[in-house]
Amino acid sequence: MNKIIEVKHFTKKYGDFAAVDDISFAVDEGSIFAFLGPKGA
Numbered sequence: 620m621n622k623i624i625e626v627k628h629f630t631k632k633y634g635d636f637a638a639v640d641d642i643s644f645a646v647d648e649g650s651i652f653a654f655l656g657p658k659g660a
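Numbering-wise, the sequence shown is residues 620 to 660 according to my numbering.
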């Protein structure tokens, strides 16, 4: 299938706190995808 979203080495920091640290993923066409934190945010 075709990748419609591809993320490589994503990091999100708030000051010194890394909320997301170096993740990579791809979403194929026709897939359902959700990216949720531990509290559903």
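Beta carbons: idealized from backbone N, C-alpha and C, even for Gly.
First through last residue of the beta strand (DSSP E) which encompasses residue i
i: Ile642; result: 636-647
C-alpha gap between residue i and residue j, whole angstroms
i: Lys622; j: Asp647; result: 4 Å
i: Ala638; j: Met620; result: 30 Å
i: Lys627; j: Ala653; result: 16 Å
i: Lys631; j: Phe644; result: 15 Å
i: Gly634; j: Glu625; result: 26 Å
i: Phe636; j: Leu655; result: 18 Å
Residues sharing a beta bridge with residue i, DSSP
i: Ile624; result: Val646
i: Phe631; result: For the record, residue 631 in the displayed sequence is Lys; it is not Phe. Note: Lys631 sits in a beta bridge opposite Val639.
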